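In this note's numbering, the protein residues as written are 53 to 506.
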């Protein structure tokens, strides 16, 4: 073998290793390089030629045949396929569809619209009689991936809600006809939030009903295969803890019948639709992750305001600090109520229990502040009576009138002191009465909250 022949052989081997024989061009290049080896060195170059031919058969033939077999299989399945035809072996028998529903993320709870926004992974399995083949006839290909828009689908939708977004993937088709379709859906399910008055200890039970929109129970039967969360892609919520379970099993729902105690498609499907659908239901249970922390942030200011209100009852009525303490307590309770209004759901059917805790105490603080103002009423009454007496007193015309006037002034001062003491006594009595009423209302409110929360 000459140096030129050796160089040609090396280039030929490099071309083979780089995958140059994956097309018809590779065959031409093989012949071209083989022709560069002279006849004189044919005998010495024979092992090299044999090695090159073997590499060509190993690298070229399988990939080429695999591409041709997959293409031929796809054309074989799709040539006479009609995605509008239900792929059942017997038209009189229903097609069974197994569904897997996995929770990925709870996005938002909208109390105003009674809606739960969440991301779900929905996996559907069924057997398509029109997508079967013998794997040995197509190079051993047993699994084929086909765009989901090109095959029949059971049209599974969420009955009690709507689908905001669907992200589909290729359908995985097995040679036995089994089809696996994976979808990621953003579902807005309707949920009746009837426990909002127990904030922050409310528990929401939301049901999701899946069924075929286009086919009734005589054509498709739904089977709940599994429920839960997507262990790989699940994003836990910072506000709620969830539990997903089946409720209770697959049932057939008809829009011609309704029930207030169970889920029925009568409230979902209206008009002339009277199809009885095979439905799969699941239950989503939601409760707050750390209710005691939120409760502490709300009740601690209320407790401090109550202590200030109690202290205000023991401050003398003539002191200006009584009005100051009562006003501060009232302002604290008003700020807490405003925060409750922002933090708590606004669409509760009943008044939240925390509002019942802070509301009466705010009213009692306002009453206490008004009672504190009664200490100054005695001075106002005394000054008014003095002005009236001076207007009606006769003019001094004689000397003894001065003594009489002085004596009358002493009696007036004594009367003022008596009135002032009476008002102080009445103010103290009102303080004690309202203090008792304050404790009574607080005890009744606490008992009511405990009874309702249990």
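Where is the CB? At the ideal position from N, CA and C, for every residue including glycine.
Computed from a prediction, not measured in an experiment: that's the story for all the values here.
Could you work out which residue in the options is closest to residue i when comparing CA atoms only?
| i | options | result |
| --- | --- | --- |
| residue 336 | 261, 354, 277, 386 | 261 |
| residue 257 | 236, 296, 123 | 296 |
| residue 339 | 250, 226, 386 | 250 |
| residue 193 | 233, 125, 230 | 125 |
| residue 133 | 187, 390, 201 | 201 |
| residue 368 | 499, 488, 481 | 481 |
| residue 378 | 394, 390, 360 | 360 |
| residue 382 | 391, 358, 372 | 358 |
| residue 199 | 189, 135, 186, 237 | 135 |
| residue 189 | 365, 120, 182, 197 | 120 |
| residue 263 | 255, 246, 207 | 207 |
| residue 230 | 191, 186, 181, 221 | 181 |
| residue 160 | 348, 494, 294 | 294 |
| residue 186 | 220, 221, 203, 226 | 226 |
| residue 131 | 203, 163, 168, 162 | 203 |
Between residue i and residue j, how many whole angstroms is the CB-CB distance? I'm expecting something under 8 Å.
| i | j | result |
| --- | --- | --- |
| residue 184 | residue 241 | Not a contact, Cβ separation roughly 36 Å. |
| residue 343 | residue 253 | 5 Å |
| residue 277 | residue 151 | 6 Å |
| residue 385 | residue 354 | 7 Å |
| residue 172 | residue 148 | Residue 172 to residue 148, Cβ: 21 Å. No contact. |
| residue 170 | residue 248 | That pair is no contact at about 19 Å. |
| residue 333 | residue 259 | 6 Å |
Would you mind sorting residue i into buried or exposed? The rule is 16 or more other CB atoms within 10 Å of its CB.
| i | result |
| --- | --- |
| residue 477 | exposed |
| residue 205 | buried |
| residue 137 | exposed |
| residue 165 | exposed |
| residue 212 | buried |
| residue 483 | buried |
| residue 142 | exposed |
| residue 176 | buried |
| residue 479 | buried |
| residue 365 | buried |
| residue 490 | buried |
| residue 218 | exposed |
| residue 500 | exposed |
| residue 196 | buried |
| residue 255 | exposed |
| residue 129 | buried |
| residue 496 | exposed |
| residue 462 | exposed |
Please say whether residue j and residue i have beta carbons closer to each other than 8 Å?
| i | j | result |
| --- | --- | --- |
| residue 174 | residue 122 | no |
| residue 331 | residue 274 | yes |
| residue 223 | residue 232 | yes |
| residue 146 | residue 271 | yes |
| residue 388 | residue 350 | yes |
| residue 237 | residue 292 | no |
Taking 7 Å as the cut-off, is the CB of residue i close to at least one heavy atom of the ligand MN?
| i | result |
| --- | --- |
| residue 296 | Looking at this structure, you won't find the ligand MN or any other ligand, since it has none at all. |
Cβ pair count under 8 Å reaching 3, the region 261-269 against the region 326-333 | Contact holds: three or more Cβ-Cβ distances are below 8 Å.
Cβ contact (3+ pairs, closer than 8 Å) linking the region 156-169 and the region 283-293 = Cβ pair count under 8 Å is three or more, so yes.
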